[in-house]
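Residue numbers for the sequence shown follow the working numbering, beginning at 1068 and rising by one. A short worksheet on the structure shown next.
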Amino acid sequence: MAPALSMDSINSWDVISFAVDKGHGVKGLAELGLETLPKQYIQPIEEQITYSTVVNDDSIPVIDLSNWNDPKVAEQICNAAEKWGFFQIVNHGIPIEILENVKEATRGFFQLPAEEKNKHSKDHSPSNNVRYGTSFTPKAEKALEWKDFLSLFYVSDDEAAALWPSACRNEALDFMKSSKLVIRRLLEALMKGLNVKEIDETKESLLMGSKRINMNYYPKCPEPELTVGVGRHSDVSTLTILLQDDIGGLYVKKLDRDAWVHVPPIDGAIVINVGDALQILSNGRYKSIEHRVIANGRRNRISVPIFVNPRPNDIIGPLPEVIERGEKPIYKQVLYSDYVKHFFRKAHDGKETVDFAKI
Ligand SMILES: COc1cc(/C=C/C(=O)SCCNC(=O)CCNC(=O)[C@H](O)C(C)(C)COP(=O)(O)OP(=O)(O)OC[C@H]2O[C@@H](n3cnc4c(N)ncnc43)[C@H](O)[C@@H]2OP(=O)(O)O)ccc1O
Ligand SMILES: O=C(O)CCC(=O)C(=O)O
Ligand SMILES: [Fe+2]
């Protein structure tokens, strides 16, 4: 490892140019052996994660999917989506080997030299569907986040073969394909809870018409308490299927309370969360909950979310089945790609994104 650098020497060269423009990311910064956190990563005090708001006496539900035919399973899914917006699933049918392989491939991609990874950055990638980056949206952020990512929007196997990095392409595709059935079943259960009897072609597009897989890398951080891995946000998906390694660090906000609950890693489990699109489609019944990730001072962490989304050209708004029951719509009809662009053009700001769709 390189000798530890002092804050004075790190401030003397351009952190943003090194981490963002040249593609070294926070992994590159971490490997310099910094003793202190570069000032660009120091979050305002209200965004730094303190343990005073963390509660240890509660946890998100863990739902066993071994017996799909038991109506209690669907009930548990709908209850968790209403009360927590987050739950973990076990016995979900995705082979453990596929999960292990995609975690290993994620580590493999981030081990590549910066020049190799940077071929997939916004400025160098031949396609908007493949993007390597760091933090969330550095141009719009006052303080950066301690995370590097690779984001892959699925169009077709042929496009993935041509454009996705070979270090993780097959493993990412295998994870996406093997999760299809469980995603469909979860959405079927959630739709039944809204009185939607059948997922026809239109609903299929709205609920799962497009998918994006992200590979997140959170390297060991000097002074982790001053920054965040990911700031407070809700996802813009319908559902997110998240695989995490055994390090931990994801926190979920309790509904309507200033209290945060840790999502403990469970071997073989997958974390599921409701995103803004499903909150809007369900007219607020299912909750897209704020969550965030701490930076870790001792170990590197990875996670691999699959964001299940409407298609970019879909119009999203409260479903007719929900409104026909007499509910007053609280969201208007919006073009989904406008919604996502709004999300990506600002820094993480908790639950503010959904205001874009409020009546
Ligand atoms: C990265 O850290 C994250 C990510 C997240 C993500 C949570 C999610 O829920 S992702 C699911 C998003 N939904 C979809 O991808 C499906 C629908 N897709 C679309 O509507 C479009 O493909 C599009 C994403 C809107 C892009 O459309 P396009 O016409 O190509 O528009 P652009 O002008 O290229 O992009 C608009 C704007 O967004 C920025 N951006 C685009 N993709 C990404 C990306 N994968 N990661 C980061 N930023 C992205 C792009 O730079 C543009 O901004 P400018 O400032 O350059 O104008 C949760 C938490 C995280 O920490
Ligand atoms: O790393 C995690 O556990 C969560 C990441 C996350 O919230 C996201 O990528 O949207
Ligand atoms: Fe998220």
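From the three backbone atoms N, C-alpha and C, an ideal C-beta is built for every residue, glycine too.
What does a CB cutoff of less than 6 Å around residue i pick up in its chain, not counting 5 residues either side in sequence?
| i | result |
| --- | --- |
| Phe1203 | Glu1212, His1415 |
| Gly1274 | In the sequence as displayed, the identity of residue 1274 is Leu instead of Gly. Counting only Cβ-Cβ distances below 6 Å, and skipping sequence neighbours, we find Leu1254, Thr1305. |
| Glu1238 | Asn1168, Val1169, Ala1172 |
| Gln1107 | Val1082, Leu1211 |
| Ile1161 | Ser1245, Ser1246 |
On the premise that residue j lies in contact with residue i, defined as a C-beta separation below 8 Å, what is that separation, rounded to the nearest angstrom?
| i | j | result |
| --- | --- | --- |
| Gly1090 | Ala1181 | 5 Å |
| Lys1287 | Ala1097 | 6 Å |
| Asn1367 | Pro1396 | Contact flag wrong, Cβ pair sits at about 45 Å. |
| Arg1378 | Ser1272 | 5 Å |
| Glu1420 | Asp1343 | Checking the displayed sequence, the identity of residue 1420 turns out to be Thr instead of Glu. The pair is a contact, with the Cβ atoms about 6 Å apart (cut-off 8 Å). |
| Asn1283 | Phe1216 | 5 Å |
| Ala1229 | Leu1240 | Between Leu1240 and Ala1229 the Cβ distance is about 13 Å, and since that is not below 8 Å, they are no contact. |
| Ile1109 | Leu1132 | About 42 Å separates the two Cβ atoms, so there is no contact after all. |
| Pro1372 | Leu1309 | 4 Å |
At a threshold of 7 Å, does residue i count as lining ligand 3 (C-beta to nearest heavy atom)?
| i | result |
| --- | --- |
| Asp1343 | no |
| Asp1190 | no |
Closer than 8 Å by C-beta to residue i: which residues in its own chain qualify, once you throw out the five before and the five after it? Chain order, please.
| i | result |
| --- | --- |
| Pro1331 | Ser1126, Gly1315 |
| Ile1356 | Trp1151, Gly1152, Phe1153, Ser1301, Val1319, Lys1320, Leu1322, Asn1340, Val1341 |
| Arg1427 | Residue 1427 is absent from the structure shown; the chain starts at 1068 and stops at 1426. |
| Trp1135 | Arg1252 |
| Ile1361 | Ile1116, Pro1291, Val1295, Gly1296, Gly1316, Tyr1318 |
| Ile1266 | Arg1251, Leu1254, Glu1255, Met1258, Leu1274 |
| Ser1188 | Gly1090, Arg1198, Tyr1199, Gly1200 |
| Asp1225 | none |
| Gly1514 | Outside the displayed span of the chain (1068 to 1426) sits residue 1514, for which this structure offers no information. |
| Ser1404 | Pro1379, Asn1380 |
| Arg1365 | Lys1287 |
| Asn1363 | Tyr1285, Lys1287, Cys1288, Pro1291, Gly1296, Ile1314, Gly1316 |
| Pro1193 | Leu1230 |
Of all the options the options, which has the alpha carbon lying nearest to the alpha carbon of residue i?
| i | options | result |
| --- | --- | --- |
| Asn1146 | Val1129, Ala1228, Asn1134 | Val1129 |
| Ile1163 | Trp1231, Ser1246, Pro1138 | Ser1246 |
| Glu1268 | Ser1192, His1159, Asp1381, Lys1139 | Asp1381 |
| Gly1298 | Ala1210, Ile1156, Val1122 | Ala1210 |
| Asn1058 | Gly1351, Ile1361, Thr1420, Gly1335 | Limits of the chain in this structure are 1068 at one end and 1426 at the other, which puts residue 1058 out of reach. |
| Cys1235 | His1329, Ala1172, Leu1248 | Ala1172 |
| Ala1114 | Val1389, Asp1312, Pro1291 | Just to set this straight, residue 1114 is Glu in the shown sequence, not Ala. With distances taken between Cα atoms, Glu1114 lies closest to Pro1291. |
| Arg1324 | Met1243, Ala1229, Val1121 | Val1121 |
| Lys1214 | Asn1350, Lys1413, Ser1370 | Ser1370 |
| Ile1337 | Val1249, Val1303, Lys1413 | Val1249 |
| Tyr1221 | Leu1402, Phe1374, Ile1426 | Phe1374 |
| Glu1208 | Ala1424, Ile1426, Lys1418, Phe1411 | Phe1411 |
| Ser1277 | Thr1307, Asn1283, Lys1264 | Thr1307 |
| Asp1422 | Val1303, Gly1364, Tyr1118 | Val1303 |
| Ile1280 | Tyr1353, Pro1232, Pro1111 | Pro1232 |
| Ser1119 | Ala1326, Asp1312, Pro1387, Glu1419 | Ala1326 |
| Pro1111 | Asp1343, Leu1293, Ala1344 | Leu1293 |
| Lys1354 | Pro1105, Glu1149, Pro1205 | Glu1149 |
| Gln1244 | Asn1283, Asn1185, Ile1165 | The sequence as given places Lys at residue 1244; Gln does not occur at that position. Lys1244 has its Cα closest to that of Ile1165, out of Asn1283, Asn1185, Ile1165. |
| Asp1124 | His1409, Val1328, Asp1088, His1358 | Val1328 |
| Ile1390 | Asp1088, Arg1352, Leu1132 | Arg1352 |
| Lys1413 | Lys1184, Glu1388, Lys1206, Lys1270 | Lys1206 |
| Leu1345 | Ile1426, Lys1264, Lys1270, Val1140 | Lys1270 |
| His1358 | Pro1372, Gly1417, His1409, Val1407 | Gly1417 |
Between residue i and ligand 1, is there a pair consisting of the residue's CB and a ligand heavy atom that are separated by less than 7 Å?
| i | result |
| --- | --- |
| Lys1206 | yes |
| His1300 | yes |
| Arg1359 | no |
| Ser1404 | yes |
| Pro1379 | yes |
| Lys1408 | yes |
| Ser1304 | yes |
| Gly1200 | yes |
| Ser1355 | no |
| Asn1376 | yes |
| Phe1411 | yes |
Counting only the same chain and skipping the five closest in sequence on each side, list residues whose C-beta sits under 7 Å from that of residue i.
| i | result |
| --- | --- |
| Gln1143 | Pro1128, Ile1130 |
| Gly1095 | Phe1085, Ala1086, Ala1181 |
| Leu1179 | Ala1234 |
| Arg1174 | Ile1369 |
| Val1093 | Ala1086, Thr1201, Trp1213, Lys1214, Asp1215, Pro1286 |
| Gln1311 | Leu1317, Pro1332, Val1338, Ser1370 |
May I ask you to check if the CB of residue i is nearer than 7 Å to at least one heavy atom of ligand 2?
| i | result |
| --- | --- |
| Leu1309 | yes |
| Ser1349 | no |
| Asn1367 | no |
| Val1222 | no |
| Pro1162 | no |
| Ser1370 | yes |
| Val1295 | no |
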